[in-house]
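As structure tokens, the structure follows; a few thoughts come after it.
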């Protein structure tokens with residue numbers, strides 16, 4: 021059982037998969053939903069401060085490097101695109117827009133992209149982390165309900 025909890029913890033840290041993939045995996049393992057939810061949130065949130073503080077700088081540094089340049093450019097463009105989308109839709113309600121951007125589980129809109137977008141938009145650290153955390157909590161609830169529903173039929 022520890023191995024399964026570690027699996028969902030680490031899966032929830034992976035960009036693009038995050039908690040949105042880890043919670044359904046936990047239900048496939050038949051783990052209790054509440055414990056899985058908490059573990060997935062912790063795993064999904066652990067990299068967020070690091071992403072906010074360092075990802076943009078690392079991506080800027082590596083975008084013109086031979087082996088990693090294309091991937092780093094892709095990540096930067098994804099963050100910039102997400103940031104512009106947020107800013108266009110939100111105006112002054114950027115906090116709520118970031119929360120919903122992260123919280124509605126659609127591919128490419130998780131904590132990694134949301135945090136990078138907040139960093140690119142120069143949102144302050146505390147409100148960015150809080151908005152992303154609330155978004156992760158919302159996404160976890162949505163994915164938990166969907167996963168329990170799907171696995172109750174299986």
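Residue numbers (the numbering used here): 21 to 174.
Beta carbons: idealized from backbone N, C-alpha and C, even for Gly.
For residue i, name the three-state secondary structure that DSSP assigns.
| i | result |
| --- | --- |
| residue 83 | coil |
| residue 125 | coil |
| residue 21 | coil |
| residue 51 | coil |
| residue 143 | coil |
| residue 32 | coil |
| residue 37 | coil |
| residue 76 | helix |
How many Å lie between residue i and residue j at the Cα?
| i | j | result |
| --- | --- | --- |
| residue 137 | residue 22 | 34 Å |
| residue 164 | residue 62 | 15 Å |
| residue 34 | residue 129 | 13 Å |
| residue 95 | residue 133 | 8 Å |
| residue 158 | residue 124 | 7 Å |
| residue 89 | residue 102 | 20 Å |
| residue 169 | residue 74 | 38 Å |
| residue 151 | residue 142 | 14 Å |
| residue 43 | residue 144 | 29 Å |
| residue 46 | residue 37 | 13 Å |
Around the C-beta of residue i, are 16 or more other C-beta atoms found within 10 angstroms, so that it is buried, or is it exposed?
| i | result |
| --- | --- |
| residue 92 | buried |
| residue 122 | buried |
| residue 140 | buried |
| residue 113 | exposed |
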